[in-house]
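In the working numbering, the protein residues as written are -3 to 503.
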């Protein structure tokens, strides 16, 4: 894969050497890569099962397979020390994952109660021989991946390497050409933007075929780059493992670098030697950025993660959302955003004669989220603050048998993102409990643990109940989520008919 004349780029001084890390902390660092190696072996094994399945079905030789090794460079989002919970990074809490905190959890890495991520040093090592890591879209270390293509009955070449520049946006055009299908002009009556990218089919049979994907821009968090006919002009704006709230330098102070067509690893910066070429590529980057709506540049991080502060459209419109029993695995983008604001959760439930037990509704998992549930008959609310602390509020009395409305009202303290507040619990409009939530997660609960009604089907939000055995023992007829003024209710009761009427009005 790597040409024999490729040069190893200079070591990044922002990345600590192995020898720079405390000796007592190195066993934890080593375990990070052992766990990752195990994950890779596991993944490779099951990809192999998929391919063997195609062979068993007798269709492998006629199947076009793309095996893309990653979607970017190795990630530095684990920070200098690595992380037991990757979501700490996205909520600005990574400073709490001290070496002492991590070392105590060495035997839990890779297990069901971890959400671990390797350290920056490992990311840098895995991106060898390039500079930088994921998020730094300017440099090859942040973007370049090996890809394996298999199609035995169509590709005559076996075990060969293709060096024509190809981008992930070329995969769909390749599949369409291979299948003899046109690019869709409209889908379900909706006009489609032209598909970006160039089919790579031309290179399958001819290793010397002239390159067709000649120009490609890159941008992430204002780390920018442009490829054009072998040349690359790049500028790194933000360091991935810097604190997410750290101020970034002004964009006009970013230093651009220039690399030539024969510099496979981007090891020799030619910016001072060829300023005219650099200006040509910088201008081309602006043209491409304008063409593909990259502009205006926005180097905010925490704010861009939150649709409220980013001004980003969301899937759920309005200030209420109605969910029903049986709904589950709803990603955060599919659920009303209740972070950093006052909100309420109201559920209509049927409690069996034996008493209420189990989860009514939960969002997130064991490293962040909230859950409204019943324990030993009583209504309970748990706010899981990044796995570092669980804030609990419990009703003073049990929920009676029969049909009842239970409600949680969260009054946000304000004063910024991720602040705490007060939770009040109600049963049929009557206050049943109250407690303080010391802090909340400002940006994200989980990348894969969603919202579930009637159970908590992933890693459990609350330590009060186990994974897989927490389904509500009665019936959850419906749950309304509400924010802002929609969460204010003097009677602390919701009219089910009005909830349904509002839901139908949005159809």
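Where a beta carbon is used, it is the ideal one built from N, C-alpha and C, also for glycine. This structure is a prediction, so every number in the text was calculated from the model and none was measured.
- To the nearest whole angstrom, what separates the beta carbons of residue 318 and residue 171, a pair I think is in contact under 8 Å? With a Cβ gap of about 39 Å, residue 318 and residue 171 do not count as contacting.
- Given a threshold of 16 other Cβ atoms within 10 Å of its Cβ, counted over all protein chains shown, does residue 54 qualify as buried or as exposed? Around the beta carbon of residue 54, fewer than 16 other beta carbons lie within 10 angstroms, which makes this residue exposed.
- Message: I'd like to know whether the C-beta atoms of residue 477 and residue 389 end up nearer to each other than 8 Å.
- Response: no
- Task: Note down the Cα distance separating residue 303 from residue 328, rounded to an integer number of angstroms.
- Result: Using only the alpha carbons, I get a separation of about 11 Å.
- Message: Given this structure, state the Cα-to-Cα distance separating residue 217 from residue 62, to the nearest angstrom.
- Response: Their Cα atoms are separated by approximately 28 Å.
- Message: I'd like to know whether the C-beta atoms of residue 284 and residue 213 end up nearer to each other than 8 Å.
- Response: yes
- Message: So within the region 224 to 250, which uninterrupted beta strand (DSSP E) runs reach at least 3 residues, ignoring any that extend past its ends?
- Response: List check, beta strand (DSSP E) in window: 227 to 231.
- Query: Taking C-alpha atoms, which residue in 461, 30 and 339 lies nearest to residue 481?
  - Reply: 339
- Message: Check this for me: beta carbons of residue 25 and residue 115, under 8 Å apart or not?
- Response: yes
- Query: Do you know how far the Cα of residue 373 is from the Cα of residue 352?
  - Reply: 4 Å
- Message: Just to confirm, is the Cβ distance from residue 354 to residue 377 under 8 Å?
- Response: No, they are not a contact pair.
- What is the DSSP secondary structure of residue 162, counted as helix, strand or coil? coil
- Message: At the level of alpha carbons, what is the spacing between residue 445 and residue 467?
- Response: 16 Å
- Item | Residues near residue 442 in its chain [Cβ-Cβ closer than 7 Å; skip 5 each side] | 83, 360, 361, 363, 364 and 365
- Message: Measuring straight from C-alpha to C-alpha, what distance separates residue 484 and residue 420?
- Response: Looking at the backbone, the Cα of residue 484 and that of residue 420 are separated by about 12 Å.
- Ranges of the alpha helix (DSSP H) found wholly within the region 52 to 137, counting only runs of at least 4: 83 to 86, 95 to 99 and 116 to 122
- Message: Could you pull the DSSP bridge partners for residue 422 from this structure?
- Response: 403 and 427
- Query: Can at least three beta-carbon pairs, one atom from the region 167 to 184 and one from the region 284 to 293, be found at a separation below 8 Å?
  - Reply: Under the 8 Å Cβ criterion, the region 167 to 184 does not count as touching the region 284 to 293, having fewer than three qualifying pairs.
- Query: Per DSSP, residue 340 forms a beta bridge with which residues?
  - Reply: 405 and 478
- Message: Within the continuous alpha helix (DSSP H) that includes residue 168, where are the two ends?
- Response: 167 to 175
- Are the Cβ atoms of residue 435 and residue 415 separated by less than 8 Å? yes
- Query: In the structure shown, what three-state DSSP assignment does residue 448 receive?
  - Reply: strand
- Query: Could you give the residue range of the beta strand (DSSP E) that holds residue 316?
  - Reply: Under the DSSP assignment, residue 316 falls in the beta strand (DSSP E) whose first and last residues are 316 to 319.
- Query: Based on Cα-Cα distance, which residue from 321, 479 and 448 lies nearest to residue 472?
  - Reply: 321
- Query: Over what stretch of residues does the beta strand (DSSP E) that includes residue 394 continue unbroken?
  - Reply: 385 to 394
- Query: Three-state secondary structure (DSSP) at residue 25?
  - Reply: helix
- Query: Looking at the structure shown, is residue 269 part of a helix, part of a strand, or coil, going by DSSP?
  - Reply: Residue 269 sits in coil when the DSSP states are folded into three classes, being neither helix nor strand.
- Task: Can you tell me the Cβ-Cβ gap for residue 252 and residue 267, rounded? I've got them flagged as a contact below 8 Å.
- Result: For residue 252 against residue 267, the beta-carbon gap comes to about 6 Å, under 8 Å, which counts as contact.
- Message: Taking its Cβ as the centre, do 16 or more other Cβ atoms sit within 10 Å of residue 451, making it buried, or is it exposed?
- Response: buried
- Pick out whichever of 147, 348 and 499 has its Cα sitting closest to the Cα of residue 51. 147
- Item | Integer-rounded CB distance, given that residue 177 should sit under 8 Å from residue 240 | About 42 Å; that fails the 8 Å criterion.
- Message: Rounded to whole angstroms, what is the Cα-Cα separation between residue 36 and residue 65?
- Response: Rounded to the nearest angstrom, the two C-alpha atoms are 10 Å apart.
- Query: Between the beta-carbon of residue 429 and the beta-carbon of residue 344, is there less than 8 Å?
  - Reply: It is not a contact, given that the beta carbons lie outside the stated cut-off.
- Write down the C-beta distance between residue 261 and residue 73 rounded to the nearest angstrom, noting that I regard them as a contact closer than 8 Å. About 23 Å separates the two Cβ atoms, so there is no contact after all.
- Query: Between residue 10 and residue 235, is the Cβ-Cβ spacing less than 8 Å?
  - Reply: yes
- Query: Grouping DSSP H, G and I as helix and E and B as strand, with all else coil, what is residue 283?
  - Reply: helix
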